Amino acid sequence: MLDVKWLRQFAAVAREGNITRAAQQLRLAQPAVSMTLKKLEQHLGVALFNRLQGRLHLTTEGERLYQHAQRILHALTLAEQDMAALQNLDSGEVCIGIPSMLGSFYFPPLLMAFKHQYPGLSIKVIEAGTQDVLAQLCQGQLSLGIVLTASLPAELNGLPLLREEMVAVVNAEHPARTLPAISMADFLAEELALFRHGVFHREYLEAMAKKSGIKLHIGFESNLITLLKAVVRQGFAITTFLRMVIKDDDDLFAVPFVEPYFLDLCLAWPNHRPLSRAEQAFVEFMQKSAPGA
Numbered sequence: 001m002l003d004v005k006w007l008r009q010f011a012a013v014a015r016e017g018n019i020t021r022a023a024q025q026l027r028l029a030q031p032a033v034s035m036t037l038k039k040l041e042q043h044l045g046v047a048l049f050n051r052l053q054g055r056l057h058l059t060t061e062g063e064r065l066y067q068h069a070q071r072i073l074h075a076l077t078l079a080e081q082d083m084a085a086l087q088n089l090d091s092g093e094v095c096i097g098i099p100s101m102l103g104s105f106y107f108p109p110l111l112m113a114f115k116h117q118y119p120g121l122s123i124k125v126i127e128a129g130t131q132d133v134l135a136q137l138c139q140g141q142l143s144l145g146i147v148l149t150a151s152l153p154a155e156l157n158g159l160p161l162l163r164e165e166m167v168a169v170v171n172a173e174h175p176a177r178t179l180p181a182i183s184m185a186d187f188l189a190e191e192l193a194l195f196r197h198g199v200f201h202r203e204y205l206e207a208m209a210k211k212s213g214i215k216l217h218i219g220f221e222s223n224l225i226t227l228l229k230a231v232v233r234q235g236f237a238i239t240t241f242l243r244m245v246i247k248d249d250d251d252l253f254a255v256p257f258v259e260p261y262f263l264d265l266c267l268a269w270p271n272h273r274p275l276s277r278a279e280q281a282f283v284e285f286m287q288k289s290a291p292g293a
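Heads up, the sequence shown stops at 293 in UniProt numbering, and the numbers go up one at a time, no gaps.
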């Protein structure tokens, strides 16, 4: 039978790629962690790591075990939090995956209101694109996350939150500023400042470019909204955001697409296992805060 302590040490080494750093993180002696890995490999009869260029890399078998370890350790954390919160909600953690645009422009007041209602709970925000959040939810690495409603698989529950328009964003001097709308083909022909892979905007634009036979000219690539805004302000490229992202920017201008594109976003969580008390409280809070509630 696998020892949970073995899994914790194995997962730490997998994250750090280094036994010494993992041991420091766990406040254990380095030889003890090395011995644990040796015992674990002997117990399973497989090699879990390869050493390349001074760093430990997971083998194929190690990757599979790491996925299992993440789910097991996450479930244990939830169990501990749930037991601590049985009598009240004075302790516990809500961990939620949120795309950067929503994390910066939609969620702050909601998270502050939730914190005001449950001051004893801690809130941990994992910033990632909707595609990455969806993958983490399906793999059991996250319990709560914001994803596209259209992408919601059968194994996830979803609470609709908002519908927001995806628009082209240009500066004051750009010719498209005065247009009532811009075609997707004209947008794709420009030099672009885009989010990295894992963000729906990027995947959508690449799909549109492939469909139209257009090769994207990506001048800047970053998940930092402030950087993308600065690039557009200086006229180096144009980009696309949700309309809410530039509502307070007087020097940036939203140009709708000829064929308007709206994103429907929802709060999602797995339906194959119960949420912790803290997570349940967050879902209930969002149900009351959602449009039409």
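For every residue, glycine included, the Cβ atom is placed at its ideal position computed from N, Cα and C.
Since the structure is predicted, the reported quantities are computational estimates derived from the model, not experimental observations.
Are residue i and residue j close, meaning C-beta to C-beta below 9 Å?
i	j	result
A207	F257	no
V33	A47	no
R243	E164	yes
Y106	L152	no
P270	G140	yes
I218	L252	no
residue 326	S91	Coverage of the chain is limited to positions 1 through 293, which leaves residue 326 absent and any answer about it impossible.
A268	L179	no
Could you tell me the distance, in whole angstroms, from the CA atom of residue i to the CA atom of residue j?
i	j	result
L144	L134	10 Å
S222	A69	31 Å
D248	K288	27 Å
L216	K39	50 Å
I225	E155	31 Å
Y66	R51	17 Å
V147	S100	12 Å
P119	C95	15 Å
F49	G17	9 Å
A14	Q25	12 Å
L102	V125	11 Å
M35	E41	10 Å
Q53	T20	16 Å
S104	A209	28 Å
F30	M1	The sequence shown places Gln at residue 30, rather than the Phe named in the question. If I take the Cα positions, the gap works out to 24 Å.
I214	V199	20 Å
E127	E284	22 Å
R177	H197	27 Å
R27	P108	35 Å
D250	E190	22 Å
According to the neighbour-count rule (16 or more other Cβ atoms, all chains shown, within 10 Å of its Cβ), is residue i buried or exposed?
i	result
Q117	exposed
L86	Caution is warranted here: a pLDDT of 48 is assigned to L86, below 50, making its placement in the model unreliable, and the coordinate value is therefore given only provisionally. With fewer than 16 other Cβ atoms within 10 Å, it is exposed.
V4	exposed
K229	buried
Q9	buried
E279	buried
residue 352	Here the chain comprises residues numbered 1 to 293, so residue 352 is not present and cannot be evaluated.
M286	buried
D132	buried
F114	buried
L227	exposed
F282	buried
A75	exposed
residue 298	Residue 298 cannot be examined here, being either before or after the span of the chain that is shown, 1 to 293.
What does a CB cutoff of less than 6 Å around residue i pick up in its chain, not counting 5 residues either side in sequence?
i	result
R202	L194 and F195
L205	none
R55	G17
V231	A193, F220 and A237
F262	R163 and E165
Short of 8 Å in beta carbon distance, which residues of its chain neighbour residue i, apart from the five on each side in sequence? Order them along the chain.
i	result
L73	V4, L7, R8 and A11
S212	M184, A185 and L188
R71	Q139, G140 and Q141
H57	G17, F49, N50 and R51
G235	N171, E173 and H174
By Cβ distance below 7 Å, which residues in the same chain neighbour residue i in space, the five residues on each side in sequence not counted?
i	result
T149	G158, P160, D264, L265 and C266
A254	V167, V169, R243 and I246
P260	E165
Review point. Is the number of C-beta pairs between the segment 169-177 and the segment 236-244 that are closer than 8 Å three or more?
Key: yes
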